[in-house]
Amino acid sequence: MTRKTIIYLVVCCLLCSSIRKGTDDWPMFQHDSQHTGYSTSEVPESLRLLWKFEGPRSFGTYLIISQGMVIAAYDSDLTLSLNIADGSPLWEVGEHPRQFPTADEERVYIGLFGEILCVNATRGEKLWQFQEEYVYFESPIVVDDNLITHCSVPLFIDGPLVPADVHEKNKKVLCLDVETGEVSWEFRTKDLTSTSPVYYDGGVYIHDGTSIYCVDVETGNLIWEKKTGIEGAVHLSLSQDGQKIFVASHGGVISCLERDGGKFLWQFDSGDVITNAVAVGYDSIFFGTAKGTFYCLDAKEGNLLWKREMRSPSSFCSPLMADKKVVIAAENVLYIVSARSGKTIESYETGDTITSTAISDGKLVVASRDGRILCLGSSQNFLYQVLIAPILTTVGIIVLLVFIWKK
Numbered sequence: 024m025t026r027k028t029i030i031y032l033v034v035c036c037l038l039c040s041s042i043r044k045g046t047d048d049w050p051m052f053q054h055d056s057q058h059t060g061y062s063t064s065e066v067p068e069s070l071r072l073l074w075k076f077e078g079p080r081s082f083g084t085y086l087i088i089s090q091g092m093v094i095a096a097y098d099s100d101l102t103l104s105l106n107i108a109d110g111s112p113l114w115e116v117g118e119h120p121r122q123f124p125t126a127d128e129e130r131v132y133i134g135l136f137g138e139i140l141c142v143n144a145t146r147g148e149k150l151w152q153f154q155e156e157y158v159y160f161e162s163p164i165v166v167d168d169n170l171i172t173h174c175s176v177p178l179f180i181d182g183p184l185v186p187a188d189v190h191e192k193n194k195k196v197l198c199l200d201v202e203t204g205e206v207s208w209e210f211r212t213k214d215l216t217s218t219s220p221v222y223y224d225g226g227v228y229i230h231d232g233t234s235i236y237c238v239d240v241e242t243g244n245l246i247w248e249k250k251t252g253i254e255g256a257v258h259l260s261l262s263q264d265g266q267k268i269f270v271a272s273h274g275g276v277i278s279c280l281e282r283d284g285g286k287f288l289w290q291f292d293s294g295d296v297i298t299n300a301v302a303v304g305y306d307s308i309f310f311g312t313a314k315g316t317f318y319c320l321d322a323k324e325g326n327l328l329w330k331r332e333m334r335s336p337s338s339f340c341s342p343l344m345a346d347k348k349v350v351i352a353a354e355n356v357l358y359i360v361s362a363r364s365g366k367t368i369e370s371y372e373t374g375d376t377i378t379s380t381a382i383s384d385g386k387l388v389v390a391s392r393d394g395r396i397l398c399l400g401s402s403q404n405f406l407y408q409v410l411i412a413p414i415l416t417t418v419g420i421i422v423l424l425v426f427i428w429k430k
């Protein structure tokens, strides 16, 4: 083996060993198209403020993380992109977003009142828009080349100038081509849709408050339909783990159905208003209630594994799971608890009611009603990843090259 070959192999080994394992982004509502709320990212060992961004005060600020960017939709105000490394602004879209945007490697999709706007992910430049009057487009999902979203009609839409059939617009789900914005298919429901659809293994699952539908992702054709008989569930999105579908009701009931066919498996009555979507992971489901009780149930049979009373009511921010921990928002306090026991590991006060959270690469990003976006993490790990690791790798390569060359 020649000296040049040895040098080449050593350099390759060092470079490969220095590459950090793949980053698990948070590119849509509840992390993925199943709405699990589960990430493979590490949770920071201690919550230290890495950076802070001061945005406009908003009833809701909705976060996603994609390609090294934090993308924040300020309800009815604007959407902006921040560098996750330091919080510096990258681009801004001055429209009026609704709920969570969605991103893929090239594009960001923003649901607005009357349209869906697609912009370039790195520059924020408009690529296309899809328009339909009197409709909110909220929290779409991306599945391959498909952008799937429900249509939600605002409660205040009424009056002599409003078309008589406007509320029929609220009874459908649309699939658009991600590159062009053209409609691929449309599925009509029997009642009002106001929750983000979920996807798994060729099926799109839709809830209209009275029924759950499974439709083919390519054609929009109905595969099966199941009446739920659940009151008050229309405002909470479905979640699923690949085998089961979980339906949360404002009336306090969690229902579990089989993914294939919609057969009912179990129900759990919390006795209180459920305020957020169910998170699914570690063979368990997690959710909070208005009075401040947080629950962990066995996903298979619905048995209570643990519950705990929080210091304040659960916010409308859905729980987040990673690293065998659960991140819970209780008004203005962020808790990290053990997924197994519910015991508090760490907590952090944000100053105002938390509206959304997202995590990627050990950085926990939190938005609150006062417009602030906080990036929390372990300062030691942050310095190591950003400064120390690259320097050590470079020095190591140089030293080895000199040593081998002289020999």
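Going by the numbering used here, the first residue of the sequence shown is number 24, and it counts up by one from there. Glycine included, every Cβ here is placed at the ideal spot set by N, Cα and C.
Only counting runs of 3 or more residues, tell me where the beta strand (DSSP E) segments fall wholly within the segment 210-274, in order along the chain. Entirely contained in the segment 210-274, the beta strand (DSSP E) runs reaching 3 residues are, in chain order, 221-223, 226-230, 234-239, 245-250, 267-271.
Do S500 and G394 have their CB atoms nearer than 7 Å? Within the shown structure, residues of the chain are numbered from 24 to 430, placing residue 500 beyond reach of any answer.
So what's N193 in DSSP terms, helix, strand or just coil? Residue numbering aside, residue 193 sits at position 170 when the sequence shown is read from its first letter. Three-state result, N193: helix.
Do G147 and V116 have their beta-carbon atoms positioned less than 7 Å apart in this structure? Here residue 116 refers to the residue found at position 93 when the sequence shown is read from its first residue. Here residue 147 refers to the residue found at position 124 when the sequence shown is read from its first residue. Against a cut-off of 7 Å, the Cβ pair of G147 and V116 comes out as a contact.
Consult DSSP for R19 and reduce its assignment to one of helix, strand or coil. Only positions 24 to 430 of the chain appear in this structure, which leaves residue 19 out of reach.
Residues in the same chain with beta-carbon distance under 6 Å from C237, minus the five sequence neighbours each way, listed in chain order, please. In the sequence shown, the residue the question calls residue 237 occupies position 214. Once the five neighbours on either side are set aside, the close Cβ partners of C237 are G226, Y228, I246, W247.
If you follow the beta strand (DSSP E) that K323 is part of, which residue opens it and which one closes it? Sequence index remark: in the sequence shown, residue 323 carries index 300 (1-based). It is not in any beta strand (DSSP E) - K323 carries neither H nor E in the DSSP assignment.
Short Cβ contact (7 Å threshold) for R352 with C340: Indexing the sequence shown from 1 puts residue 352 at position 329. Indexing the sequence shown from 1 puts residue 340 at position 317. The sequence as given places Ala at residue 352; Arg does not occur at that position. Result yes, Cβ atoms of A352 and C340 sit closer than 7 Å.
Among Q154, D231, D239, E324, which one has its Cα closest to the Cα of V166? One-based indexing of the sequence shown puts residue 166 at position 143. If we check each option's Cα against that of V166, D239 comes out closest.
Kindly identify the DSSP beta-bridge partner or partners of D200. By one-based count along the sequence shown, residue 200 stands at place 177. Per DSSP, the beta-bridge partners of D200 are N169.
Is the Cβ-Cβ distance between V350 and A362 less than 7 Å? Taking the first residue of the sequence shown as position 1, residue 350 is located at position 327. Taking the first residue of the sequence shown as position 1, residue 362 is located at position 339. Cβ distance not < 7 Å, so V350 and A362 don't count as in contact.
Using the rule of at least 16 other Cβ atoms within 10 Å of the residue's Cβ for burial, across every protein chain shown, is Q290 buried or exposed? Here residue 290 refers to the residue found at position 267 when the sequence shown is read from its first residue. Q290 is exposed by the Cβ-count criterion.
As assigned by DSSP and simplified to three states, the class of F52: The residue labelled residue 52 in the question sits at position 29 within the sequence shown. For F52, the secondary structure class from DSSP, reduced to helix, strand or coil, is coil.
Collapsed DSSP secondary structure at C174 in the structure displayed: Reading the sequence shown from its first residue, position 151 is the one you call residue 174. Strand.
Helix, strand or coil for S379 per DSSP? Along the sequence shown, one-based indexing puts residue 379 at 356. Strand, per DSSP.
Using a Cβ cut-off of 7 Å (strictly closer), state whether P79 contacts chain B. In summary, chain B is missing from the structure at hand, where a single protein chain is found.
Assign T218 to one of two classes, buried (16 or more other C-beta atoms within 10 Å of its C-beta) or exposed (fewer than that). Reading the sequence shown from its first residue, position 195 is the one you call residue 218. With at least 16 other beta carbons inside 10 angstroms of its own, T218 counts as buried.
CA-CA distance, D346 and Y157? As a position in the sequence shown, residue 346 is number 323, starting the count at 1. As a position in the sequence shown, residue 157 is number 134, starting the count at 1. Roughly 42 Å between the two C-alpha positions.
Do Y97 and R121 have their C-beta atoms closer together than 7 Å? Here the question's residue 97 lines up with position 74 in the sequence shown. Here the question's residue 121 lines up with position 98 in the sequence shown. Not closer than 7 Å, so no.
Near Y407, which residues of its chain fall below 8 Å by C-beta distance, leaving aside the five closest residues on each side in sequence? Position 384 of the sequence shown, counting from 1, holds the residue named residue 407. Only weak support is given to the placement of Y407: the predicted model assigns it a pLDDT of 45, under 50, and the question is left unresolved by the model.
Report the three-state DSSP secondary structure of C340 (helix, strand or coil). Position 317 of the sequence shown holds residue 340. In this structure, C340 counts as coil in the three-state DSSP scheme.
Alpha carbon to alpha carbon, how far is L399 from E202? Give it in angstroms, no decimals. Translated into the one-based positions of the sequence shown, residue 202 becomes position 179. Translated into the one-based positions of the sequence shown, residue 399 becomes position 376. Between E202 and L399, the C-alpha separation is close to 34 Å.
Beta-carbon proximity of S370 to V389, cut-off 7 Å: Against the sequence shown, residue 370 aligns to sequence position 347. Against the sequence shown, residue 389 aligns to sequence position 366. Their beta carbons are not under 7 Å apart, which means S370 does not touch V389 by this criterion.
V206: buried (16+ other C-beta within 10 angstroms of its C-beta) or exposed? Within the sequence shown, numbered from 1, the residue matching residue 206 stands at position 183. In summary, V206 is exposed, with fewer than 16 beta-carbon neighbours lying within 10 Å of its beta-carbon over all protein chains present.
Taking 8 Å as the cut-off, does the segment 374-383 touch the segment 50-69 (at least 3 CB pairs, one atom from each stretch)? Taking 8 Å as the limit for Cβ pairs, the verdict is that the segment 374-383 does touch the segment 50-69.
In terms of alpha-carbon separation, which member of C141, I277, T102, I164 lies closest to V196? As a position in the sequence shown, residue 196 is number 173, starting the count at 1. Residue I164 holds the alpha-carbon nearest to the alpha-carbon of V196 among C141, I277, T102, I164.
Since F123 and I396 are thought to touch, with beta carbons under 8 Å apart, how far apart are those beta carbons, to the nearest angstrom? Position 100 of the sequence shown, counting from 1, holds the residue named residue 123. Position 373 of the sequence shown, counting from 1, holds the residue named residue 396. Rounded to whole angstroms, the Cβ separation of F123 and I396 is 14 Å, and the two are not in contact under 8 Å.
Measuring CB to CB, does G311 end up less than 7 Å from T298? Here residue 311 refers to the residue found at position 288 of the sequence shown. Here residue 298 refers to the residue found at position 275 of the sequence shown. Contact flag set, yes.
Distance CB(T212)-CB(D231) smaller than 7 Å: Sequence index remark: in the sequence shown, residue 212 carries index 189 (1-based). Sequence index remark: in the sequence shown, residue 231 carries index 208 (1-based). Closer than 7 Å, so yes.
Within a Cβ cutoff of 6 Å, which residues of the same chain sit near R130, ignoring the five residues on either side of it in sequence? Here residue 130 refers to the residue found at position 107 of the sequence shown. Excluding residues within five positions, the ones whose Cβ falls inside 6 Å are C141, A144.
Supposed close pair A313, A271 - CB separation, criterion 8 Å: The residue given as residue 313 occupies position 290 in the sequence shown. The residue given as residue 271 occupies position 248 in the sequence shown. Wrong, their Cβ atoms sit about 13 Å apart, outside the cutoff.
If you reduce the DSSP assignment to three classes, tell me which class Q290 lands in. As a first step, residue 290 must be located in the sequence shown, where it is residue number 267. The answer is strand: DSSP assigns Q290 an E or B state.
Could you check where the beta strand (DSSP E) with M333 kicks off and where it finishes? Sequence index remark: in the sequence shown, residue 333 carries index 310 (1-based). Per DSSP, M333 is not a residue of any beta strand (DSSP E), being assigned neither H nor E.
Give the single residue among H273, I87, D47 whose Cα lies nearest to the Cα of E431. The displayed coordinates of the chain run from 24 to 430. Any statement about residue 431 would go beyond what the structure contains.
Under DSSP, the beta strand (DSSP E) around K75 begins and ends at which residues? Here residue 75 refers to the residue found at position 52 of the sequence shown. Taken as a continuous stretch (DSSP letters only), the beta strand (DSSP E) holding K75 covers 71-77.
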